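In this note's numbering, the protein residues as written are 41 to 271.
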């Protein structure tokens, strides 16, 4: 008879990582963060999956398990970035606060979000240069996806335009098309982050001065925009 092997154990092998079918949220997060870094550095066309894997500290096979292609990974990164940048603005537009308060909140949201995610302007600009049609379509989809429930993105913009027109008709504001107003507001918030090295060189701001500069801009920019609107 063969001796029973019940109760016997062999030596333990090395610990295994996530197996197919059991995604690891921490690994996926590291891959997304690494991809964001590499896409900002190279643009989506110049990025390579091997470089992203090295940045994330995973092997290429594991990277392809989570994201089967570079396009799939780029889409995930952009969706996350666009959600951070645009989601709050649409919520502010949909709020019942007065126009002056919404302008101030929009400026604060842009600056605070970009302060926490300074890669966003460079990433979006790089992607627009590499594939403008795709990124434009994705941005449109993302703004629609982040529009607050019960609201329509186009209706929110039209409502803002009607408010600006009513204030102009009352003699309070200059006449300005809503699309020009929105581009002015966004560009004045985003430009310092997109051109930080140039601004620091021209104005003479050191690295230690940057936070104070942004603190001051959160205060000054809403005031500047409102003064520019006044007749």
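Glycine included, every Cβ here is placed at the ideal spot set by N, Cα and C.
The model shown is predicted, which means the values in this text are computed figures rather than measured ones.
Between which residues of its own chain and residue 132 is the CB-CB distance below 7 Å, once the five residues before and five after are set aside?
As a first step, residue 132 must be located in the chain shown, where it is residue number 92. Answer for residue 132: 142, 145, 146, 149, listed in chain order.
Quick one: give me the first and last residue of the alpha helix (DSSP H) that residue 242 is part of.
On the chain shown, position 202 is the one that residue 242 refers to. Unbroken alpha helix (DSSP H) run through residue 242: 236 to 243.
Can you give the Cα-Cα distance for residue 85 and residue 212, rounded to whole angstroms?
Stepping through the chain shown from its first residue, residue 85 is reached at position 45. Stepping through the chain shown from its first residue, residue 212 is reached at position 172. Approximately 48 Å, taken between the alpha carbons.
Measure from the alpha carbon of residue 154 to the alpha carbon of each residue in 95, 139, 134, 123, then state which is nearest.
By one-based count along the chain shown, residue 154 stands at place 114. The shortest C-alpha separation from residue 154 is found at 123.
Which partner residues does residue 270 have in the DSSP bridge list?
Within the chain shown, residue 270 is the residue found at index 230, counting from 1. Answer by DSSP bridge pairing, in chain order: 213.
Give the secondary structure of residue 98 by DSSP, where H, G and I count as helix, E and B as strand, and everything else as coil.
Your numbering for residue 98 matches position 58 in the chain shown. Correct three-state label for residue 98: coil.
Can you tell me which of the three DSSP states residue 192 falls into?
Locating residue 192 in the chain shown gives position 152, where the first residue counts as 1. Residue 192: coil per DSSP, three-state reduction.
If you run the structure through DSSP and keep just helix, strand and coil, what is residue 138?
Taking the first residue of the chain shown as position 1, residue 138 is located at position 98. Residue 138 falls in the coil class under three-state DSSP.
Kindly give me the distance between the Cβ atoms of residue 76 and residue 159, rounded to whole angstroms, as I take these residues to be in contact under 8 Å.
Counted from its first residue, the chain shown places residue 76 at position 36. Counted from its first residue, the chain shown places residue 159 at position 119. About 6 Å; that satisfies the 8 Å criterion.
Around the C-beta of residue 71, are 16 or more other C-beta atoms found within 10 angstroms, so that it is buried, or is it exposed?
As a working mapping, residue 71 is identified with position 31 in the chain shown. So residue 71 counts as buried.
Taking the C-alpha atoms as reference points, what is the distance between residue 134 and residue 99?
Residue mapping note: residue 134 aligns to position 94 of the chain shown, counting from 1. Residue mapping note: residue 99 aligns to position 59 of the chain shown, counting from 1. The alpha-carbon atoms of residue 134 and residue 99 are separated by roughly 45 Å.
Please name the residue in 180, 227, 185 whose C-alpha comes closest to that of residue 161.
Along the chain shown, one-based indexing puts residue 161 at 121. Closest by alpha carbon: 227.
Count the other CB atoms, across all protein chains shown, that sit within 10 Å of the CB of residue 80; report buried if there are 16 or more and exposed otherwise.
Counted from its first residue, the chain shown places residue 80 at position 40. It counts as buried.
Got a sec: does the ligand SAM put a non-hydrogen atom nearer than 7 Å to the Cβ of residue 112?
No copy of the ligand SAM occurs in the structure displayed, which carries no ligand at all.
Beta-carbon separation of residue 118 and residue 178 under 8 Å?
Position 78 of the chain shown, counting from 1, holds the residue named residue 118. Position 138 of the chain shown, counting from 1, holds the residue named residue 178. Closer than 8 Å, so yes.
State the Cα-Cα distance for the pair residue 125 and residue 101, rounded to the nearest angstrom.
On the chain shown, position 85 is the one that residue 125 refers to. On the chain shown, position 61 is the one that residue 101 refers to. Rounded to whole angstroms, residue 125 to residue 101 spans 32 Å at the Cα level.
Between the Cα of residue 268 and the Cα atoms of 73, 236, 224, which residue gives the shortest distance?
Position 228 of the chain shown, counted from the start, is the residue given in the question as residue 268. That would be 224, whose Cα lies nearest to the Cα of residue 268.
Look up residue 248 in the DSSP assignment and say whether it is helix, strand or coil.
Position 208 of the chain shown, counted from the first residue, corresponds to residue 248. Helix, per DSSP.
If you measure between the beta carbons of residue 229 and residue 196, is that distance less than 8 Å?
Indexing the chain shown from 1 puts residue 229 at position 189. Indexing the chain shown from 1 puts residue 196 at position 156. Against a cut-off of 8 Å, the Cβ pair of residue 196 and residue 229 comes out as no contact.
My output table needs one value for residue 187: the three-state DSSP class, helix, strand or coil.
Locating residue 187 in the chain shown gives position 147, counting from the first residue. The answer is coil: DSSP assigns residue 187 none of H, G, I, E or B.
What is the rounded straight-line gap between the Cα of residue 61 and the Cα of residue 78?
In the chain shown, residue 61 corresponds to position 21, counting from 1. In the chain shown, residue 78 corresponds to position 38, counting from 1. Summary for residue 61: the model assigns pLDDT 45, below 50, so the residue's position carries little reliability, and this model does not support an answer.
Once DSSP output is grouped into helix, strand and coil, what is the label at residue 109?
By 1-based counting over the chain shown, the position of residue 109 is 69. Of the three classes helix, strand and coil, the one that applies to residue 109 here is coil, per DSSP.
Please tell me whether residue 114 and residue 103 are closer than 8 Å, where the distance is taken between their beta carbons.
Residue mapping note: residue 114 aligns to position 74 of the chain shown, counting from 1. Residue mapping note: residue 103 aligns to position 63 of the chain shown, counting from 1. No, these two residues do not count as a Cβ contact at 8 Å.
Would you give the residue range spanned by the alpha helix (DSSP H) that residue 170 belongs to?
Residue mapping note: residue 170 aligns to position 130 of the chain shown, counting from 1. Run containing residue 170: 160 to 170, per the alpha helix (DSSP H) assignment.
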